Amino acid sequence: MAAGPTPDLSRLLLLPSAARSGCEYGGRAAPASEGAGDLRKVPPMTVVRSVALFVVAALFEIGGAWLVWQGVRENKGWIWAGAGVIALGLYGFVATLQNDDNFGRVLAAYGGIFVAGSIAWGMVADGYRPDRYDITGALICLTGMAVLMYAPRSH
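Throughout, our numbering is defined as the position within the sequence shown, counted from one, plus 693.
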């Protein structure tokens with residue numbers, strides 16, 4: 694079965710598709726007059742919006758997984774686990790709001806946020822004390838996320 698076209702969520706965000714894009718051409722290739730090897734920098738507000746979406750996604754995913762853990766492993770009941778499943782579903786939706794059209798790139802970049810966010814969540818929710826290797830690893834992951842999502846690219 695062939696997948697249908699990607700939904701345009703710009704109506705939900707009340708933004709034109711070009712404003713949602715990581716480049717000024719709405720995620721499409723630059724016109725031929727711009728040159729094939731032309732590099733496009735990501736506008737600062739696009740980076741801010743993208744990072745905010747990653748943070749919201751992390752809250753839903755990490756929070757959802759934590760709720761499931763609490764429900765099952767800490768015997769708090771199926772209401773906790775069910776709330777976690779709902780939060781995990783919302784995480785999947787939030788990920789679709791990223792400007793980049795490449796699923797693999799968005800989810801790979803989100804991995805850096807997930808690593809750092811999981812450590813932060815553990816500190817706040819469970820009293821986890823990361824060591825210098827945890828912090829160093831999280832910073833490396835966040836650097837990888839920034840390279841994946843915000844490096845200048847030709848479109």
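Glycine residues also receive a C-beta, built at the ideal position from the N, C-alpha and C atoms.
Small disclaimer: the values here were computed from a predicted structure and weren't measured.
* **Cβ neighbours of Trp814 in the same chain (closer than 7 Å, five flanking residues each side left out)** => Ile755 and Trp759
* Asked: Which value, in whole angstroms, describes the spacing of the CA atoms of Glu727 and Ala774?
  -> Residue placement at Glu727 cannot be trusted, given a pLDDT of 44 that sits under 50; what the coordinates show is reported in the next sentence. Roughly 51 Å separates the two Cα atoms.
* When DSSP labels each residue in this structure, what does Arg822 get in the three-state scheme? -> coil
* Taking Cys834 as the reference, give the member of Val808, Met816 and Phe753 with the closest Cα. => Val808
* Asked: Should Ser743 and Gln791 be called a contact, given that it needs their Cβ atoms to be closer than 8 Å?
  -> yes
* Out of Gly805, Ala839 and Gly757, state which residue places its alpha-carbon closest to the alpha-carbon of Ile772. => Gly757
* Asked: How about the segment 732-742 and the segment 836-845: do they share at least three Cβ pairs that are nearer than 8 Å?
  -> yes
* For Val749, I'd like the list of residues in its chain whose CB is within less than 6 Å of its CB, leaving aside the five on either flank, ordered along the chain. => Val787
* Asked: By Cβ distance, which residues of its chain are closer than 8 Å to Arg798, with the 5 residues on each side in sequence left out?
  -> Leu841 and Met842
* For Arg733, which beta-bridge partners are listed by DSSP? -> Arg846
* **Host alpha helix (DSSP H) of Leu783 (start-end)** => Trp771 to Ala788
* Asked: So, using beta-carbon positions, are Ala745 and Gly810 closer together than 8 Å?
  -> no
* According to DSSP, is Asp794 helix, strand or coil? -> coil
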